[in-house]
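Following: one structure in structure tokens, then a few remarks.
Number of protein chains: 2
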Amino acid sequence: MPPLHPKTMNDEGGAKAKPRKPKPATLSNSHALFNSTIRKPCLKQILFTFLLVLALYALFNAFFNPTLDTASSIFLSAGDTSVTYPAVKVYLYDLPTRFTYGVINHHSLARGGSRSAGDKSPLKYPGHQHMSEWYLFSDLTRPESERVGSPVVRVSNPEDAELFFVPFFSSLSLIVNPVRPAGSVPEKPPVYSDEENQEALVEWLERQEYWKKNNGRDHVFVASDPNAMYRVIDRVKNSVLLVSDFGRVRPDQGSLVKDIVVPYSHRIRTYPGGVSVDKRKTLLFFMGNRYRKEGGKIRDTLFQILENEKDVVVKHGAQSRESRRAASQGMHTSKFCLHPAGDTPSACRLFDAIVSLCIPVIVSDSIELPFEDTIDYRKIAVFVETASAIKPGYLVSKLRTFTSDRILEYQKELKEVKRYFEYDELDGAVNEIWRQVSKKLPLIKLMINRDKRLVKKEPDCSCICVNQTVLR
Amino acid sequence: MPPLHPKTMNDEGGAKAKPRKPKPATLSNSHALFNSTIRKPCLKQILFTFLLVLALYALFNAFFNPTLDTASSIFLSAGDTSVTYPAVKVYLYDLPTRFTYGVINHHSLARGGSRSAGDKSPLKYPGHQHMSEWYLFSDLTRPESERVGSPVVRVSNPEDAELFFVPFFSSLSLIVNPVRPAGSVPEKPPVYSDEENQEALVEWLERQEYWKKNNGRDHVFVASDPNAMYRVIDRVKNSVLLVSDFGRVRPDQGSLVKDIVVPYSHRIRTYPGGVSVDKRKTLLFFMGNRYRKEGGKIRDTLFQILENEKDVVVKHGAQSRESRRAASQGMHTSKFCLHPAGDTPSACRLFDAIVSLCIPVIVSDSIELPFEDTIDYRKIAVFVETASAIKPGYLVSKLRTFTSDRILEYQKELKEVKRYFEYDELDGAVNEIWRQVSKKLPLIKLMINRDKRLVKKEPDCSCICVNQTVLR
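What follows is the structure in structure tokens.
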């Protein structure tokens, strides 16, 4: 697997880099160089060398921030307007292979792949919309020197860790066995069981010292597919879950306070051009499954309303390479892209639209959005209440009121935030997810410390609410 | 008022300090100084000066971190294990005087103080256990150069602010009118009404643009006395409240997620000595009101159990300078200090004990503690469930099992964390409170952005829970 982030800046570092000092070799060389031009008197020479060393050392320090020795201290100076915190220390569990590469292997085998016993080439994680689990895992396995801009640092000793990352490929595990047409009988029963693997994972974890220490509260799981980990969710609900939405978790299992909403890994290619209205002739585009369960039932109604509108393209389409190509083409040439709820409030389509600079029109009342502390989605998307969206004519007339200038403004904002949704960009989705994870740490530490000293072990919740005008 | 934090490091800075460069005057002087010793050749001289400038500039940069231009960017380098974030930008409301110095003036007048019309000397905020409101206000009014180590920076333009500090002296306001003995009739009715002032404050705020903008969600109030702001709490419950505990607020008004627990301002003097068992002959000390309301009812039972125990001092005592002197003496010469609940779960006594290096014995099942993400209170205090504490003999026999070494360990830990409870220390309680405030910012921003784009305005809470084993 090639490194996902290009190597930049320098190759130094490591999990526990000390404040760097210029290498003695470099210094002697510089010294010699200048020595040849300034020979006497001795005092001058010494002073000169001293200043040179000082200049080099200080420059080094100025460009590469010094490392802090203690985890809790922060480095600050008077009148300064920035604050330096130590990077959050994350331990990557070395899970038994069955939970990581074993899942990739089973996925490949179930699709006719075969590996000879001697094959040492790395297994390739297959591309799909919930592959954030792969990007986060491979980010942590990279040398620190390549993890440019990361707010977390990997530590090799769990004793040093503040958080524990459990790299189970929970979303891939769900789709190991290919979906078969209803009624068809498989030639032989599947050899892989996602449910068994979920349970085996939790059993393995529950034997680990650091899981038991804080009841999993400082552990981080990726459960990006809304069904991922469903079998064991109650046993890992203390942990930080990286999810796509909260459509299939109860409030006691997941919340905006405890967990993190991560973007889908977009499936169509990023629009390479700039902002423009002329190149986007279609007003509104949608391509996808017309019929969905639960929250997605609205889709059929939207199809009926929209399919005969001028400048509007709505197409039924299933997951395939061909569909993706058609969707890319459509999203790259439309001003607005419809984003109705899928089976759960979120869907990959939103992120496809964002990287296409196609303004998302979100018709999904309970949607949760990634990085919403950083991104004001009103600047990049149009939100329409479901009840309004299904009124004939409403949606299209609303969209026609947007001027070209307003559309260009949205596109500029989309271009600004696009990097947050690019998993393979240098300071993209991966770093932002770690940033979100690191922001949870104070509350996690508070809950851990508090939980241990509480003398009464009663259920007890702390909440933050919106629109709460009713007095109890 | 003298500055509470001694001036250190340098005098430069200001609310929006740019990366500093050495002053030209200084440079010319240094240049001249070295010029006299190195006269030729010209190249050498120029090179020398260049290096000197570089060394000075780089040193400057290394010691005083460069300012970041954009609020959202962070400064990171490869392999580095620290992360630099911009300081959180806080706007200090210039409130009408009645909410700040007016409260001090009324407090003074109600105690026979008088001020001539021409008196320009600053009003002195009176010392009391809930004076964090004064320390935070005066910290923000200080020049940035003196706010060493602060994770927040004051901005003069509200448009630049991320948080808004409302410096109403809510706890002082509660005690403006002296408590009179029950049944006594005051000579004339009090001229000051705390309730009126609370309501006037909220009415004033509700007219402010930046209050309306985010429904007060990015506003910060000090409500340290458990009764402070009680009249208007439902109108400010969206805001961040700095409280002593949650004893008198409902879960929809205050929580560990939204709000911050701040320490009382300790009322007895800090123990100046080091760790020691020999100098502390008393096993357990308590001095305070024997009879309290609600959570404090346990006190009378504890008195009965403890008052005849050997090596134990329990004394009834009211608030007075004399009592404080006796309490100082007692806490400085005891190994353990009893901390039963007051009318609410918290009390100032805990912080008096901490700065006395007297190990707190906390008998208050629902107590919330300041800075619990940073401080593991099990290392500095002994927690005893109320039900056990009131069993005769239990408490004293438990405390007698602690060895001298164990007691010294507790004392060492107390010494380590003491600074968090010192409001007038350079990197003490004030900076730590701002740090706690700044850690709330991501969630505040998330809730603000989310609230504005939600199409359905329904009450909706996000929570984090402990001991939640019951499935719904």
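Chains as they are written, first to last, in full-length UniProt numbering: chain A, 1 to 472; chain B, 1 to 472.
Note that the Cβ used here is the ideal one computed from N, Cα and C, for glycine as well.
Keep in mind the model is a prediction, meaning the values are calculated, not measured.
I'd like to know if Asp119 of chain B contacts chain A, where contact means its C-beta is closer than 8 Å to some C-beta of that chain. Walking along the second sequence from the start, residue 119 of chain B turns up at place 119. Output row for Asp119 of chain B: interface = no.
Rounded C-alpha distance that separates Asp343 of chain A from Phe169 of chain A: Locating residue 343 of chain A in the first sequence gives position 343, where the first residue counts as 1. Locating residue 169 of chain A in the first sequence gives position 169, where the first residue counts as 1. Taking the straight line from one Cα to the other gives about 21 Å.
Mind listing which residues of the region 441-462 of chain B have their C-beta closer than 9 Å to chain A's C-betas, in chain order? Leu441, Pro442, Leu443, Ile444, Lys445, Leu446, Met447, Ile448, Asn449, Arg450, Asp451, Lys452, Arg453, Leu454, Val455, Lys456, Lys457, Glu458, Pro459, Asp460, Cys461 and Ser462
Taking the beta carbon of Ser224 of chain B as the centre, do at least 16 other beta carbons fall within 10 Å, making it buried, or is it exposed? What you label residue 224 of chain B is simply residue 224 of the second sequence in a count that begins at 1. Its Cβ being crowded by 16 or more others within 10 Å, Ser224 of chain B is buried.
Three-pair Cβ contact test at 8 Å for the region 115-135 of chain A versus the region 224-239 of chain A: yes
Per the DSSP calculation, Leu163 of chain B is bridged to which residue(s)? Walking along the second sequence from the start, residue 163 of chain B turns up at place 163. B:Val90.
Which parts of the region 372-458 of chain B are runs of the alpha helix (DSSP H), unbroken and 4 residues or longer, counting only runs that do not cross its ends? 386-389, 394-400, 404-417 and 429-453
Rounding to the nearest angstrom, what Cα-Cα distance links Asp427 of chain A and Tyr210 of chain A in this structure? For this step, residue 427 of chain A is matched to residue 427 along the first sequence. For this step, residue 210 of chain A is matched to residue 210 along the first sequence. Cα to Cα, Asp427 of chain A sits roughly 30 Å from Tyr210 of chain A.
Count the CB pairs spanning the region 140-158 of chain A and the region 88-95 of chain A that are closer than 8 Å, and state whether there are at least three. yes
So which of A:Asn308, A:Glu307 and A:Tyr291 has the shortest CA-CA distance to Asp300 of chain A? For the purposes of this step, residue 300 of chain A is identified with residue 300 of the first sequence, where counting begins at 1. Of the listed residues, the one whose Cα sits closest to Asp300 of chain A is A:Tyr291.
Among the residues of its own chain, which have a CB less than 6 Å from the CB of Arg269 of chain A, if the five just before and after it don't count? Mapped onto the first sequence, residue 269 of chain A falls at position 269. Closer than 6 Å at Cβ, skipping near neighbours: Ser328.
Ala341 of chain B and Ile298 of chain B closer than 8 Å at C-beta: Position 341 of the second sequence, counted from the start, is the residue given in the question as residue 341 of chain B. Position 298 of the second sequence, counted from the start, is the residue given in the question as residue 298 of chain B. Yes, they are a contact pair.
Hey, out of B:Asn289, B:Glu196, B:Leu408 and B:Leu302, whose CA is closest to Ser276 of chain B's CA? One-based indexing of the second sequence puts residue 276 of chain B at position 276. Nearest option by C-alpha distance: B:Leu408.
CB contact check: Ala87 of chain A to chain B, cutoff 8 Å: Translated into positions along the first sequence, residue 87 of chain A becomes position 87. At least one chain B Cβ lies under 8 Å of Ala87 of chain A.
Pick out whichever of A:Gly274, A:Trp434 and A:Asp245 has its Cα sitting closest to the Cα of Leu350 of chain A. Numbered from 1 along the first sequence, position 350 holds the residue referred to as residue 350 of chain A. Nearest C-alpha to Leu350 of chain A: A:Asp245.
Contacting positions in the region 352-371 of chain A - beta carbon closer than 7 Å to chain B: Asp365
Inspect the CB distances between the region 233-243 of chain B and the region 211-220 of chain B and report whether three or more fall short of 8 Å. yes
Just to confirm my understanding: we take Lys440 of chain A, look at its own chain, exclude 5 residues before and 5 after, and list those with CB closer than 6 Å. What are they? Numbered from its first residue, the first sequence carries residue 440 of chain A at position 440. Excluding positions up to five away in sequence, the list reads Val240.
Can you tell which of B:Pro126, B:Asp234, B:Val312 and B:Met447 has its C-alpha closest to the C-alpha of Pro370 of chain A? Taking the first residue of the first sequence as 1, we reach residue 370 of chain A at position 370. For Pro370 of chain A, the nearest C-alpha among the options comes from B:Met447.
For the region 251-268 of chain B, which residues have a CB atom closer than 8 Å to at least one CB atom of chain A, in sequence order? Pro251, Asp252, Ser255, Leu256, Val257 and Lys258
Can you list, in chain order, the residues of its chain with a C-beta nearer than 8 Å to that of Ile390 of chain B? Leave out the 5 residues immediately preceding and following it. Here residue 390 of chain B is taken as the residue at index 390 of the second sequence, counted from 1. Once the five neighbours on either side are set aside, the close Cβ partners of Ile390 of chain B are Ile298, Thr301, Leu302 and Ile305.
Relative to the C-alpha of residue 506 of chain B, which candidate in B:Leu205, B:Ala381 and B:Ala326 has its C-alpha closest? This structure gives no information on residue 506 of chain B, because the portion of chain B shown stretches from 1 to 472.
I'd like to know if Phe383 of chain B contacts chain A, where contact means its C-beta is closer than 8 Å to some C-beta of that chain. Residue mapping note: residue 383 of chain B aligns to position 383 of the second sequence, counting from 1. With 8 Å as the cut-off, Phe383 of chain B counts as an interface residue toward chain A.
Looking only at its chain, what residues have a beta carbon closer than 6 Å to the beta carbon of Val185 of chain A, apart from the 5 residues adjacent to it on each side? Position 185 of the first sequence, counted from the first residue, corresponds to residue 185 of chain A. Excluding sequence neighbours, Val185 of chain A sits near nothing in its chain.
Can at least three beta-carbon pairs, one atom from the region 114-123 of chain B and one from the region 175-189 of chain B, be found at a separation below 8 Å? no
Candidates B:Arg324, B:Val313, B:Glu322 and B:Ser320, of which the one nearest Cys337 of chain B by Cα: Walking along the second sequence from the start, residue 337 of chain B turns up at place 337. Considering only alpha carbons, the answer is B:Val313.
Establish whether the CB of Ala78 of chain A and some CB of chain B are separated by less than 8 Å. On the first sequence, residue 78 of chain A is found 78 positions in, with the first residue counted as 1. Bear in mind that a pLDDT of 38 at Ala78 of chain A, under 50, signals an unreliable position, so the number given afterwards is only what the model happens to contain. Yes, its Cβ sits closer than 8 Å to a Cβ of chain B.
Using the DSSP secondary-structure output, state which residues sit across from Cys461 of chain A in a beta bridge. Position 461 of the first sequence, counting from 1, holds the residue named residue 461 of chain A. According to DSSP, Cys461 of chain A bridges with B:Cys465.
From the DSSP output, in three-state form, read off Met287 of chain B for me. The count along the second sequence starts at 1 and reaches residue 287 of chain B at position 287. Note: Met287 of chain B maps to strand in three-state DSSP.
Residues in the same chain with beta-carbon distance under 7 Å from Arg235 of chain B, minus the five sequence neighbours each way, listed in chain order, please. To locate residue 235 of chain B, count along the second sequence from 1; it is residue 235. The answer, listed in chain order, is Val202.
Proximity to Arg248 of chain B [Cα-Cα], best of B:Ser397, B:Pro345 and B:Val262: As a working mapping, residue 248 of chain B is identified with position 248 in the second sequence. When each option's Cα is compared against that of Arg248 of chain B, the closest is B:Pro345.
Take Val417 of chain A and list the residues in its own chain whose beta-carbon comes closer than 7 Å to its own, dropping the five residues that flank it on each side. The count along the first sequence starts at 1 and reaches residue 417 of chain A at position 417. So the list reads Ile375 and Ile380, once near-sequence residues are dropped.
Beta-carbon within less than 7 Å of Ser438 of chain A's beta-carbon, same chain only, minus the 5 sequence neighbours each way: which residues are those? As a first step, residue 438 of chain A is located in the first sequence; it is residue number 438 there, counting from the start. Here the set comprises Val88, Pro151 and Val152.
Measuring alpha carbon to alpha carbon, tell me which of A:His107, A:Tyr125 and A:Ile354 ends up nearest Val179 of chain A. Here residue 179 of chain A refers to the residue found at position 179 when the first sequence is read from its first residue. Closest option to Val179 of chain A, Cα to Cα, is A:His107.
Should Met229 of chain B and Gln198 of chain B be called a contact, given that it needs their Cβ atoms to be closer than 8 Å? By 1-based counting over the second sequence, the position of residue 229 of chain B is 229. By 1-based counting over the second sequence, the position of residue 198 of chain B is 198. Cβ atoms of Met229 of chain B and Gln198 of chain B: closer than 8 Å.
Can you tell me the Cα-Cα spacing of Asp339 of chain A and Ser255 of chain B, whole angstroms? Here residue 339 of chain A refers to the residue found at position 339 of the first sequence. Here residue 255 of chain B refers to the residue found at position 255 of the second sequence. Here the sequence assigns His to residue 339 of chain A, which means Asp is not the residue at that position. If I take the Cα positions, the gap works out to 35 Å.
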